[in-house]
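Chemist:
In this note's numbering, the protein residues as written are 74 to 243.
#1: Where do the N-terminal and C-terminal ends of the alpha helix (DSSP H) with residue 232 fall, by residue?
#2: Grab me the residues of residue 133's own chain with a C-beta within less than 7 Å of its C-beta, minus the 5 sequence neighbours each way, in chain order.
#3: Tell me which residue opens and which closes the beta strand (DSSP E) that residue 124 is part of.
#4: With distances taken from CA atoms, which of 95, 94, 93, 102 is nearest residue 80?
#5: Find out if the Cβ-Cβ distance for the pair residue 244, residue 181 is shorter than 8 Å.
#6: Go through its chain and collect everything with a Cβ distance to residue 122's Cβ below 8 Å, but skip five positions before and after it.
#7: Of the residues 94, 240, 203, which one's Cα is nearest the Cα of residue 217?
#8: On the DSSP letters alone, give me the boundaries of the beta strand (DSSP E) that residue 196 sits inside.
#9: Can you check whether the CB of residue 221 is closer than 8 Å to the CB of residue 172?
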């Protein structure tokens, strides 16, 4: 069974502030007519980068964790409060691959109405060699024509890589 779109509201019925019955508009909001509490739920931004090495190969990692454990993707993760999307993309590459990148053009913004994230994906130039981490149990640089299309972790990975390779003329 798939995870609910908004687990925080999936079974909510009562106000977290006063404990009385609340108005829930799943998956978007909860409002309490008794104390005035209100909360609105939005998709979470995920910042990503598609690193390219000096030979023009795309650096991908095999995920060490679910979701998508054991499958290929590019580095990315949630944007934290207090950081820009660009800062988050660089941070995620550093955390996942122990490598710095220089961000390039925006590849695209990806979302679906049945998903709780919005991906913001940048092209990037690798500034060094990637390393294995707990999040990246295997790292490989692929020529665009050799990308592992049948073993990608997420729908958005495939769409962004198609857009990226099309833009790059590969």
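Glycine is no exception: its CB is placed at the ideal position from the N, C-alpha and C atoms. Computed from a predicted structure; not experimentally measured.
Modeler: Let me lay it out:
#1: Locating residue 232 in the chain shown gives position 159, counting from the first residue. Element bounds for residue 232: 228 to 241.
#2: Taking the first residue of the chain shown as 1, we reach residue 133 at position 60. Once the five neighbours on either side are set aside, the close Cβ partners of residue 133 are 145, 146, 147, 213, 215.
#3: If you number the chain shown from 1, residue 124 lands on position 51. Run containing residue 124: 117 to 125, per the beta strand (DSSP E) assignment.
#4: Within the chain shown, numbered from 1, the residue matching residue 80 stands at position 7. Ranking the options by Cα distance to residue 80, first place goes to 102.
#5: Residue 244 is absent from the model: the chain starts at 74 and stops at 243.
#6: The residue you call residue 122 lines up with position 49 of the chain shown. Answer for residue 122: 147, 148, 149, 162, 163, 165, 166, 174, 176, 194, 195, 196, 197, listed in chain order.
#7: Sequence index remark: in the chain shown, residue 217 carries index 144 (1-based). Per the Cα distances, 240.
#8: Position 123 of the chain shown holds residue 196. 190 to 200 is the span of the beta strand (DSSP E), which, as asked, contains residue 196.
#9: On the chain shown, residue 172 is found 99 positions in, with the first residue counted as 1. On the chain shown, residue 221 is found 148 positions in, with the first residue counted as 1. No, these two residues do not count as a Cβ contact at 8 Å.
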